[in-house]
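Take -14 as the starting number for the sequence shown in the working numbering and just add one per residue.
Written out below as structure tokens is the structure these notes cover.
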Amino acid sequence: QDFYNWPDESFEEMDSTLAVQQYIQQNIRADCSNIDKILEPPEGQDEGVWKYEHLRQFCLELNGLAVKLQSECHPDTCTQMTATEQWIFLCAAHKTPKECPAIDYTRHTLDGAACLLNSNKYFPSRVSIKESSVAKLGSVCRRIYRIFSHAYFHHRQIFDEYEYNLMSKDNLIVPILEEEVQNSVVGESEA
């Protein structure tokens, strides 16, 4: 654990082009449960850069869920990217969007996000970002949220282990049944 135990710096002391990434990671390292602190930008910070760097960090960490999903999310058992019975998501990684097994959709989506977020065409700078490039972040968010939805509805135990108490129940969009809330209070889970 000493590896992560370097002294904190104020945002003003961070003088590299990676200062925003460094600041976000420093706040996560200090207390990953303090979401308000992690999401609060330093004064005067460009909103587009702030969103961009948070999405980069989110995708970086989401790879951990993808690795965990590989243990039980197989092409022969999860043949489509679904959340509930009523939604089948098409994979945008193909010339024409098409159905993919869920684990392939996950890989393709994370690969596509990495390619876009590292694109010199859309994001040539980590200090300022054009509004037209910031507009592309929404589709990445929409697609990666589907990975969470699939994990929640089809691999609940993995979802719970990965996301345990990281988000307050008020902010969770996927439904939480009253029975689940009662079970979590006494330390049980039917997941």
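Yeah, the Cβ is synthetic: ideal placement off N, Cα and C, and Gly gets one too.
In this text, all values refer to a predicted model and were calculated from it rather than measured experimentally.
Closest by C-alpha distance to residue i, when choosing among the options
i, options, result
"F43", "D145, T2, C126, A136", "C126"
"W35", "Y130, S104, A4", "A4"
"L95", "I132, I20, P60", "I132"
"A78", "I129, Y137, W72, E28", "I129"
"A15", "M66, E(-2), N105, W(-9)", "W(-9)"
"M(-1)", "D21, P27, K53", "P27"
"K115", "K22, F(-4), I13, G33", "G33"
"G29", "F138, F(-4), K80", "F(-4)"
"I88", "Q6, L45, P60", "P60"
Same chain, Cβ closer than 7 angstroms to residue i, five either side skipped, listed in chain order
i, result
"L101", "Y107, K121, V125"
"T64", "P86"
"P82", "L75, C76"
"H39", "I9"
"A98", "C44, V125, I129"
Own chain partners of residue i with C-beta closer than 8 angstroms, once the 5 adjacent residues on each side are dropped
i, result
"E57", "H140, I143"
"G49", "Y147"
Cutoff 7 angstroms: residue i Cβ touching any chain D Cβ
i, result
"V52", "Looking for chain D here will not work: only one protein chain is present."
Cβ separation of residue i and residue j, assumed to be a contact under 8 angstroms, to the nearest whole Å
i, j, result
"V119", "Y37", "7 angstroms"
"S117", "D31", "No, S117 and D31 are not in contact; Cβ-Cβ is about 15 angstroms, not under 8 angstroms."
Pair within 7 angstroms by beta-carbon distance, residue i and residue j
i, j, result
"S18", "A68", "no"
"Q11", "D(-7)", "yes"
"T2", "R92", "no"
"I23", "I13", "yes"
Endpoints, the alpha helix (DSSP H) within which residue i is located
i, result
"D16", "Counting along the chain, D16 falls outside any alpha helix (DSSP H), and DSSP gives it neither H nor E."
"D(-7)", "It is not in any alpha helix (DSSP H) - D(-7) carries neither H nor E in the DSSP assignment."
"E46", "32 to 54"
"L3", "Per DSSP, L3 belongs to no alpha helix (DSSP H) and is neither H nor E."
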